[in-house]
Amino acid sequence: MEYKSTHRFARISATKVRPFTELVRGKSAGEGLDLLRFVPNRGARFLEKVLRTAMANAEQSGARNVESLMIKDARADGGPMFKRLQPRARGMAFIIRKRFSHIHVGIEGPDIV
Numbered sequence: 254m255e256y257k258s259t260h261r262f263a264r265i266s267a268t269k270v271r272p273f274t275e276l277v278r279g280k281s282a283g284e285g286l287d288l289l290r291f292v293p294n295r296g297a298r299f300l301e302k303v304l305r306t307a308m309a310n311a312e313q314s315g316a317r318n319v320e321s322l323m324i325k326d327a328r329a330d331g332g333p334m335f336k337r338l339q340p341r342a343r344g345m346a347f348i349i350r351k352r353f354s355h356i357h358v359g360i361e362g363p364d365i366v
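Note that the working numbering gives residue 261 to position 8 of the sequence shown, counting from 1, and the numbers run on in steps of one.
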């Protein structure tokens, strides 16, 4: 069974989170938390919170030994943008894009029949 968690409209760009999703994908949930805990980046903090939420969802649904569940899906998709204008030379304007992202984590355990 798969347990999912999502942080939509996270106030960080997806490109800052993606390296950490690739780092933890395919690992066990406990090992993924250990890897993220010692990375000093803000993107790792966002992903760590979403992974903890997915583990809590699994535990709430009755899964046993949540630390050993495998991280099946970890991705960061681009979200909407705030667009702002910054004045530039000769009367031109420069668009500043303040990016959002949607962070998804899915962990999967053995199917119990």
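C-beta atoms are modelled at their ideal positions from N, C-alpha and C, and glycine is treated no differently.
Residue state for K325 is assigned as strand, using DSSP reduced to three classes. Separation of the CB atoms of S354 and A267 is rounded to 4 Å, and the pair is thereby assigned contact status at 8 Å. Residue pairing by DSSP leaves G332 without any beta bridge partner. Here DSSP, grouped into helix, strand and coil, assigns A316 to coil. By the C-beta density criterion, F347 is exposed, having fewer than 16 other C-beta atoms within 10 angstroms. Between the segment 333-348 and the segment 277-294, the count of Cβ pairs shorter than 8 Å is below three; the stretches do not touch.
Under DSSP, no beta-bridge partner is assigned to S266.
Per DSSP, the unbroken alpha helix (DSSP H) holding A282 starts and ends at A282 to R290.
With at least 16 other beta carbons inside 10 angstroms of its own, F299 counts as buried.
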